[in-house]
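In what follows, a structure is listed as structure tokens, so that the remarks can point back to it.
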Amino acid sequence: MIWLDTVVQGVLLGGLYALFAAGLSLVFGIMRLVNLAHGDLIVASAFLILIVVETLGLNPFLAALVAAPALFALGWALQRFVLNRVLGKDILPPLLVTFGLSVALQNGMLELFSADSQRIAAGPLESASIDLGIVTVGTMPLLTFASAVLVIFLLNRLFYSTALGRAFRATSDDAVTASLMGINPKSVFAIATGLAMVIVTIAALYLGMRANFDPSVGPARLIYAFEAVIIGGLGSLWGTLIGGAIIGVAQTVGAQLNPEWQILAGHLAFLVVLILRPRGLFPRAVD
Amino acid sequence: MLETRGLTASYGQFKALFGIDMTVAAGECVAIIGANGAGKTTLLRSITGVLRNGPEMILHRGDPIGALSADRVMQRGIAMVPEGRRLFPSLSVEENLLIGGQVRRGSGHWSLDEIYRLFPILRERRHSPGTALSGGQQQMVAIGRALMSNPELLLCDEISLGLAPVVIRDIYAALPTIRASGAAVVLVEQDISRALSVADRVYCLMEGRVTLSARASEITREAIHAAYFGEAA
Ligand SMILES: Nc1ncnc2c1ncn2[C@@H]1O[C@H](COP(=O)(O)OP(=O)(O)O)[C@@H](O)[C@H]1O
Ligand SMILES: [Mg+2]
């Protein structure tokens, strides 16, 4: 029974990693851009939610709702005015720019918020749990996982059943031909990064409510997000969820064996999948 | 309706077009012929804004559009069937058609139903990935995709390239309907007799220059030969 419990906790933890990863996966899928500042943007968004909670006295979920449009606008502007200028055949310039952004964000947050660790208070929700009969799960992990499933479901609907999603896929296939359809690839990219920042807001909400965070924790979140995306197969959103779950389960099983093995087990699972399936579990047919 | 004035284009140091003067009137069908590497595709890429030029080098309804981006040019009603068809592999046949009319949906004859009436096979294959179709069917999708915006000018780059003669015949059979819908058509073709049979006027390009411009009905085999291969007529 203890193992069933461990696996369930791991899958639910995977929901958090999938939330970290979904925005990264979206942006990579559409414009082949790896945003090295993704983890730091999650942390910065957590600080923004914290500020809204503290200044307006809102519940964290409402605070995230308030922060989301501002963060959409930030993502849109970041793409429009910075990243679009460096996107091209050469993948190095955008990598360097996002690396620079990562360093700048960490230092900026250190200036503004100090190195103290923070937490978004979620009240009774923090310790609430639900008895599912065979296992008992925390309400917060369950909510995180449900949010991840919902985010990925909605992203898939957007991708495959809307005109915007069609424009995303067409631009990702062939930006020049998309422009012959009247689509402006640069504004499509800007909308995509704006959307990724909305997902980042949701990830930040759960990051901030579930654990302490400080300006330096972004890169570690980025690693989990990377691993989830790569295990799942680049560009596959459901794959990202499964990738997150695999890392989550590896971590909880590792921790069950020996508490010091938690992080290591996650990375080992990543390496094992990479050796067995170098292109991930659900690679795209065309790339 | 469309006019190029001393249009030049280059790829880095390499000059591909040296001052092209060309006009297309509303509803007209103009053929552009010329050997491989003559600059035909480059000319269409310049008109559509994939390659940027001086603003005044291309006029559309009197407005300078040479420096506009491709999406802005398309939104003015200039649609392109690109060389090699270039369907979107992630999109089904129907999605490929829909995306052609997604940003600009001019008023006019063309709708999904009308495209399927023009090319009935596409209705049967509408849920297949565009790239799973035969070359001829893909060409039909590429033409339908461009028509979905109800363009006033349709630019076609070598729509018969690599297709069997019967397939080419089927595709050309659609041209009268397309012209009847009111669109002007520019046909870039290597198949000269095919082009001459449908065009009102013909331009021949050689090494980035116009070497012949004539009414299709008045042109002679000798004149084409001279313009194509650069021999004295
Ligand atoms: N992307 C490119 N880079 C460099 N040169 C090119 C490029 N595309 C075409 N060219 C050159 O420009 C000239 C005209 O090419 P193109 O317009 O494709 O001719 P056509 O369509 O008439 O066959 C050719 O000499 C070709 O080699
Ligand atoms: Mg060509």
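Heads up: the sequence lines are chains A and B, in that order. Residue numbers for the first sequence follow my numbering, beginning at 1 and rising by one. Residue numbers for the second sequence follow my numbering, beginning at 1001 and rising by one. Yeah, the Cβ is synthetic: ideal placement off N, Cα and C, and Gly gets one too.
Can you tell me whether DSSP reads residue i as helix, strand or coil?
i         : result
Thr1023/B : strand
Asp174/A  : coil
Ala1146/B : helix
Ala192/A  : helix
Phe20/A   : helix
Gly138/A  : strand
Gln1138/B : helix
Asp287/A  : Since pLDDT at Asp287/A reaches only 46, below the 50 mark, its modelled position is unreliable, and no value is offered.
Asp1157/B : strand
Met1074/B : helix
Lys1015/B : strand
I'd like to check one pair, residue j with residue i: are the Cβ atoms closer than 8 Å?
i         : j         : result
Val151/A  : Ile202/A  : yes
Ala18/A   : Thr252/A  : no
Leu154/A  : Leu26/A   : no
Leu1163/B : Gly1135/B : yes
Ala170/A  : Leu1091/B : yes
Phe282/A  : Gly248/A  : no
Gly1108/B : Gly1182/B : yes
Arg338/A  : Gly235/A  : As displayed, chain A neither begins before 1 nor continues past 287, which places residue 338/A out of reach and without an answer.
Pro141/A  : Gln9/A    : yes
Val1030/B : Arg1201/B : yes
Val1081/B : Ile1143/B : yes
Ala1216/B : Leu1187/B : no
Gly39/A   : Gly218/A  : yes
Asp1071/B : Ile2/A    : no
For residue i, is the beta carbon positioned less than 7 Å from some heavy atom of ligand 2?
i         : result
Glu1083/B : yes
Asp1157/B : yes
Thr1235/B : A question about residue 1235/B goes unanswered here, because the residues of chain B that appear run from 1001 up to 1233.
Check the Cβ of residue i against every Cβ in chain B and list those closer than 9 Å, keeping chain order.
i        : result
Ala70/A  : Chain B residues near Ala70/A: none, gap ~28 Å exceeds 9 Å.
Ala291/A : Within the shown structure, residues of chain A are numbered from 1 to 287, placing residue 291/A beyond reach of any answer.
Arg32/A  : Going along chain B, no residue has its Cβ under 9 Å from Arg32/A, so there is no contact; the nearest lies around 14 Å.
Regarding residue i and ligand 1, is the C-beta to nearest heavy atom distance less than 7 Å?
i         : result
Gly1037/B : yes
Lys89/A   : no
Phe1014/B : yes
Tyr1011/B : yes
Gly1034/B : yes
Would you mind telling me which residues of chain B sit closer than 7 Å to residue i, beta carbon to beta carbon, in chain order?
i        : result
Asn156/A : Chain B residues near Asn156/A: none, gap ~13 Å exceeds 7 Å.
Ile183/A : Asp1071, Val1103
Ala163/A : Gln1102
Report the neighbours of residue i on chain A: residues whose CB is nearer than 7 Å to its CB, in chain order.
i         : result
Ala1070/B : Ser179, Leu180
Arg1086/B : Asp174, Thr177
If the cut is a Cβ gap below 8 Å, which residues of chain A does residue i touch?
i         : result
Gln1013/B : Simply none; closest approach about 19 Å.
Val1050/B : Val176, Ser179, Leu180
Met1080/B : Leu180
Name the chain A residues that come within less than 9 Å of residue i, Cβ to Cβ?
i         : result
Met1074/B : Ser179, Leu180, Met181, Gly182, Ile183
Ser1149/B : Met181, Gly182
At a CB-CB cut-off below 8 Å, which residues of chain B make contact with residue i?
i        : result
Arg166/A : Leu1091, Glu1095, Leu1098, Ile1099, Gln1102
**OP:** Name, going along the chain, the residues of the stretch 82 to 112 of chain A whose beta-carbon falls closer than 9 Å to a beta-carbon of chain B.
**Re:** none
Original post:
Quick one, which residues of the stretch 1027 to 1048 of chain B are near chain A if we go by CB-CB under 8 Å, in chain order?
Top reply: So the list reads Thr1048, given in the order they occur along the chain.
Original post:
For the stretch 1194 to 1214 of chain B, which residues have a beta carbon sitting closer than 8 Å to at least one beta carbon of chain A?
Top reply: none
Original post:
Going along the chain, which residues of the stretch 1090 to 1105 of chain B sit with their C-beta nearer than 8 Å to a C-beta in chain A?
Top reply: Ser1090, Leu1091, Glu1095, Leu1098, Ile1099, Gly1100, Gln1102, Val1103, Arg1104
**OP:** Using a Cβ-Cβ cut-off of less than 8 Å, give me the residues of the stretch 250 to 280 of chain A that come near chain B, in sequence order.
**Re:** Residues passing the 8 Å Cβ filter: none.
Original post:
If contact means a Cβ-Cβ distance below 9 Å, which residues of the stretch 201 to 217 of chain A contact chain B?
Top reply: none
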